[in-house]
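The number in my numbering is simply the position in the sequence shown, starting from 1, with 3 added. Here a beta-carbon is modelled for each residue, glycine too, at the ideal position from N, C-alpha and C. Following: one structure in structure tokens, then a few remarks.
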Amino acid sequence: MDYVAPTTLEEAYRALEAEDARCLAGGQSLVAMMNLGLASPARLVGLRRIEPLRGVARRPDGGLRIGAMTTHAELAALEAGAAGPALLAQAARVVAYPAVRAWGTIGGSIAHADPAADYPVALLAAGASIEIGSARGVRQLAARDFFRGFFETALAPGEIVTAVHVPPGPAGARAAYEKLSLVAGDFAIVSVAAIAGPAAQVAVGGCGPTPILSALADLGDDALLEAGRSIAAASDPPSDHRASAAYRRRVLPELLRRAVRGAHPRP
Ligand SMILES: Cc1cc2nc3c(=O)[nH]c(=O)nc-3n(C[C@H](O)[C@H](O)[C@H](O)COP(=O)(O)OP(=O)(O)OC[C@H]3O[C@@H](n4cnc5c(N)ncnc54)[C@H](O)[C@@H]3O)c2cc1C
4 MDYVAPTTLE EAYRALEAED ARCLAGGQSL VAMMNLGLAS PARLVGLRRI
54 EPLRGVARRP DGGLRIGAMT THAELAALEA GAAGPALLAQ AARVVAYPAV
104 RAWGTIGGSI AHADPAADYP VALLAAGASI EIGSARGVRQ LAARDFFRGF
154 FETALAPGEI VTAVHVPPGP AGARAAYEKL SLVAGDFAIV SVAAIAGPAA
204 QVAVGGCGPT PILSALADLG DDALLEAGRS IAAASDPPSD HRASAAYRRR
254 VLPELLRRAV RGAHPRP
């Protein structure tokens, strides 16, 4: 296997033209897959030395531009003001445990698109968009259009996630992220991200190949539980070693209620 470590995006795009070439970010998913024999790229294109992929920039409106190589630990430590950035920081704090958070990156996580991962859920609820670069130029895609299926994204061959853009969210809105897992540090059984002001935008993870996005107008407890039951009935959760589909459907309504209550304590 060939390993290259470009210092510019242009070099990285050229390096990705080789057959079976793959980006390497924090290695927390890809190296594990290689160890298990589930991936065997002919070339790894290391992204760590590419400066434009690093750093978090605050936008004048309170939103963020997050470089793809920003680690979970860096996002977890973020002093978030507005609801959108606050939601991302909350999600980052419950990704895995410190060793994984020190290496894993937001770009790697969303390119991997694990249906139980934390960022996709937070990014949909926040109305974020994904910046994607390639030798052909740069394009930006809404997060809801980026995640296409089970470990499947809208990335085309040769494309690199370069950044994530997170808007501030509505004025006065607040954010909360609820994650149910078997033990702290594990992937979610079900998770719910919420941004709430007078109304709420929620996304549910772990209940289908991609997060489920929903807008809620009535934030009373009964209405939230009812909305959760409707989402659960329409969802397609997996049954796996963590939980059955029936269990996921059962816990979803209460998790949704807690997430919205966490963001918006009094309706
Ligand atoms: C023990 C353990 C527990 C975990 N628990 C959780 C959890 O609770 N919640 C959670 O969300 N995640 C969890 N993870 C996954 C973790 O968040 C990984 O860091 C993440 O999935 C991959 O990020 P990475 O930077 O390590 O990417 P890598 O492993 O380097 O790459 C992953 C994939 O993305 C591609 N890629 C990487 N960067 C880019 C880019 N910029 N553009 C295009 N393609 C790219 C690679 O080619 C590869 O296919 C866990 C991982 C481990 C090992």
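Please list the terminal residues of the continuous alpha helix (DSSP H) segment that includes residue i.
| i | result |
| --- | --- |
| Tyr31 | According to the sequence displayed, residue 31 carries Gln and not Tyr. No alpha helix (DSSP H) contains Gln31, which DSSP labels as neither H nor E. |
| Ser233 | 224 to 237 |
| Arg251 | 248 to 266 |
| Arg17 | 12 to 18 |
With residue i as the anchor, note down where its beta strand (DSSP E) starts and where it stops.
| i | result |
| --- | --- |
| Phe150 | 150 to 152 |
| His168 | 163 to 169 |
Considering Cα atoms alone, identify which of the options is closest to residue i.
| i | options | result |
| --- | --- | --- |
| Arg245 | Pro9, Phe190, Gln204, Leu222 | Phe190 |
| Trp106 | Leu27, Arg151, Phe150, Ala18 | Leu27 |
| Gly136 | Leu56, Pro240, Asp5, Val263 | Leu56 |
| Ala249 | Ile192, Gly265, Arg269 | Ile192 |
| Arg261 | Glu22, Pro160, Asp239, Ala230 | Ala230 |
| Pro173 | Ala89, Ile69, Arg17, Ala21 | Ala89 |
| Tyr100 | Gly188, Leu222, Gly208, Leu259 | Gly188 |
| Thr11 | Ala220, Arg151, Arg52 | Arg52 |
| Ile163 | Arg177, Gly265, Tyr180, Gln143 | Gln143 |
| Glu54 | Ile113, Glu14, Arg151 | Glu14 |
| Phe153 | Val141, Asp121, Pro212, His115 | Pro212 |
| Leu219 | Pro201, Ser194, Ala24 | Pro201 |
| Pro256 | Leu39, Ile113, Asp225, Arg269 | Asp225 |
| Leu78 | Asp64, Pro63, Leu50, Ser112 | Ser112 |
| Leu222 | Gln204, Ala237, Ser233, Ala236 | Gln204 |
| Val169 | Leu127, Asp148, Leu67 | Leu67 |
| Gly130 | Pro214, Pro9, Ala8, Leu227 | Pro214 |
| Leu158 | Ala18, His115, Asp5, Pro268 | His115 |
| Glu85 | Val48, Arg62, Leu216 | The sequence shown places Ala at residue 85, rather than the Glu named in the question. Nearest C-alpha to Ala85: Arg62. |
| Ala45 | Val7, Tyr180, Ala179, Gln31 | Val7 |
| Val186 | Val98, Ala24, Asp239 | Val98 |
| Pro160 | Asp5, Pro9, Glu20 | Glu20 |
| Ala288 | Arg139, Tyr180, Leu33, Ala146 | Residue 288 lies beyond the residue range present for the chain, which begins at 4 and ends at 270; the question has no answer from this structure. |
| Ile109 | Leu50, Arg151, Val195 | Leu50 |
Let me check one thing: in DSSP terms, what residues is residue i bridge-paired to?
| i | result |
| --- | --- |
| Tyr295 | Any answer about residue 295 is impossible in this case: the structure gives the chain only from 4 up to 270. |
| Val22 | The question names Val, yet the displayed sequence has Glu at residue 22. Answer is none; Glu22 lacks a bridge partner. |
| Arg142 | Ile135 |
| Arg46 | Asp5, Ala24 |
Any heavy atom of ligand 2 inside 6 angstroms of the beta-carbon of residue i?
| i | result |
| --- | --- |
| Gln143 | Looking at this structure, you won't find ligand 2 anywhere; what it does contain is ligand 1. |
#### Entry: Unbroken stretches of the beta strand (DSSP E), 3 residues or longer, contained in the segment 53 to 83
59 to 61, 67 to 70
#### Entry: Residue ranges of each beta strand (DSSP E) within the segment 86 to 139, 3 or longer
132 to 137
### Task
Counting only runs of 3+ residues fully inside the segment 186 to 222, write out the beta strand (DSSP E) ranges in chain order.
193 to 199, 203 to 208, 215 to 219
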